[in-house]
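> When you line the sequence shown up against our numbering, it's residues 546 to 801, in that order.
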Amino acid sequence: MEKAFPLERKNQILDIIRHKGRVTVDELKEVFKVSGATIRRDLEFLERQGLITRAHGGAIIRGKVALEPDYFEEKQKFLEEKIRIGKEASKMVEEGEVIFLEASTTVLQMAKFLRDKRELSVITNSLEIAQELRGIEGISLVVIGGTLRKRTNSLIGPLAELSLSQMRFDKAFIGISALDPSSGITTPTLEEAQTKKEIVKAANQVIALCDHSKFGEQNFAFVMPLEKINILITDRGVSSSFKGEIEKKGIKVVVV
546 MEKAFPLERK NQILDIIRHK GRVTVDELKE VFKVSGATIR RDLEFLERQG LITRAHGGAI
606 IRGKVALEPD YFEEKQKFLE EKIRIGKEAS KMVEEGEVIF LEASTTVLQM AKFLRDKREL
666 SVITNSLEIA QELRGIEGIS LVVIGGTLRK RTNSLIGPLA ELSLSQMRFD KAFIGISALD
726 PSSGITTPTL EEAQTKKEIV KAANQVIALC DHSKFGEQNF AFVMPLEKIN ILITDRGVSS
786 SFKGEIEKKG IKVVVV
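1. Relative to the alpha-carbon of residue 782, which residue among 771, 792, 755 and 654 has its alpha-carbon at the smallest distance?
2. For residue 640 versus residue 665, is the C-beta distance shorter than 8 angstroms?
3. Does residue 506 pass the burial test, meaning 16 or more other C-beta atoms within 10 Å, or should it be called exposed?
4. Counting Cβ pairs closer than 8 angstroms, one from the segment 694 to 708 and one from the segment 670 to 677, do we hit at least three?
5. Can you look up residue 671 in the DSSP assignment and give me helix, strand or coil?
6. For a test of the three-state rule: what should DSSP assign to residue 720, helix, strand or coil?
7. Quick one, are the C-beta atoms of residue 803 and residue 638 less than 8 angstroms apart?
8. So residue 799 packs on residue 633, CB below 8 angstroms; how close in whole Å?
9. Determine the contact status of residue 728 and residue 750, defining contact as a CB-CB distance below 8 angstroms.
10. Between residue 797 and residue 788, what straight-line distance do the alpha-carbon atoms span, to the nearest angstrom?
11. Would you mind sorting residue 722 into buried or exposed? The rule is 16 or more other CB atoms within 10 Å of its CB.
12. What does residue 606 pair with, by DSSP beta-bridge criteria?
13. So, helix, strand or coil for residue 560, using DSSP?
Structural data, given as structure tokens:
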């Protein structure tokens with residue numbers, strides 16, 4: 546395998562362990578063409594994240610971390626709920642605002658309700674959202690640069706982060722892969738997590754769109770504590786106890 550950057554290598558190691566269930570340091574040395582010390586440091590990092598358990602001479606997967614679903618399947622799951630969430634989110638957009646729409650199956654549904662807005666500036670890292678809003682009179686559309694993540698048709702990575710560091714938004718509408726009151730917001734890859742952090746940093750207000758299936762889940766890479774969110778829009782599948790836990794953190798929860 547061609548040598549990978551450290552973050553890419555950790556993601557690839559996790560993928561291998563998920564697939565095989567167990568690997569040895571020697572196997573990973575051979576795959577990535579790096580030293581045993583480097584592999585052991587990567588495994589120690591993954592263990593600290595709660596993703597694997599170190600075993601003699603290697604590592605095994607832990608079962609509690611949610612695997613990333615197929616993107617096409619994810620688009621179809623809870624579609625009615627995502628449409629309702631997206632419609633509610635669109636009502637929070639005022640004419641003349643600068644907003645960021647993150648690559649997300651739920652935010653994509655929101656974009657479909659923005660077609661009648663006027664004097665609106667939309668920045669996105671989603672090729673699908675860009676396609677949805679291209680050529681609409683009254684909407685100024687900016688697509689940031691970055692590395693294409695084929696699985697989600699999103700632009701992420703250092704170039705995306707550099708672009709985002711030069712921008713400011715009135716509101717950022719973000720999707721959620723996994724949300725838990727104790728572990729915060731997590732996402733499948735380190736690169737995606739870094740890009741999301743920059744999106745949040747550039748926004749005056751952060752509005753998260755999340756169907757109830759994402760609650761209580763944990764993914765690989767930590768993004769931020771829940772307190773960074775201002776408003777969470779979700780569906781009626783959320784339990785009253787979970788809603789109460791989120792509201793205790795000062796987050797406004799809108800249920801549709």
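Think of the CB as a built atom: it goes at the ideal place given N, C-alpha and C, for glycine as much as any other residue.
In short, the structure shows the following:
1. Ranking 771, 792, 755 and 654 by CA distance to the CA of residue 782 puts 755 first.
2. Against a cut-off of 8 angstroms, the Cβ pair of residue 665 and residue 640 comes out as a contact.
3. The question about residue 506 has no answer here: the residues shown for the chain are numbered 546 through 801.
4. Yes, the segment 694 to 708 is in contact with the segment 670 to 677.
5. For residue 671, the secondary structure class from DSSP, reduced to helix, strand or coil, is strand.
6. Of the three classes helix, strand and coil, the one that applies to residue 720 here is strand, per DSSP.
7. An answer regarding residue 803 cannot be provided, because it is not within the stretch 546 to 801 covered by the chain.
8. Their Cβ separation, rounded to whole angstroms, is 6 angstroms, which keeps residue 799 and residue 633 in contact under 8 angstroms.
9. Taking a C-beta distance under 8 angstroms as the contact criterion, residue 728 and residue 750 do not qualify as a contact pair.
10. Distance between the alpha carbons of residue 797 and residue 788 is about 10 angstroms.
11. With 16 or more Cβ atoms within 10 Å of its Cβ, residue 722 is classed as buried.
12. Paired residues: 597.
13. Residue state, collapsed to three classes: helix.
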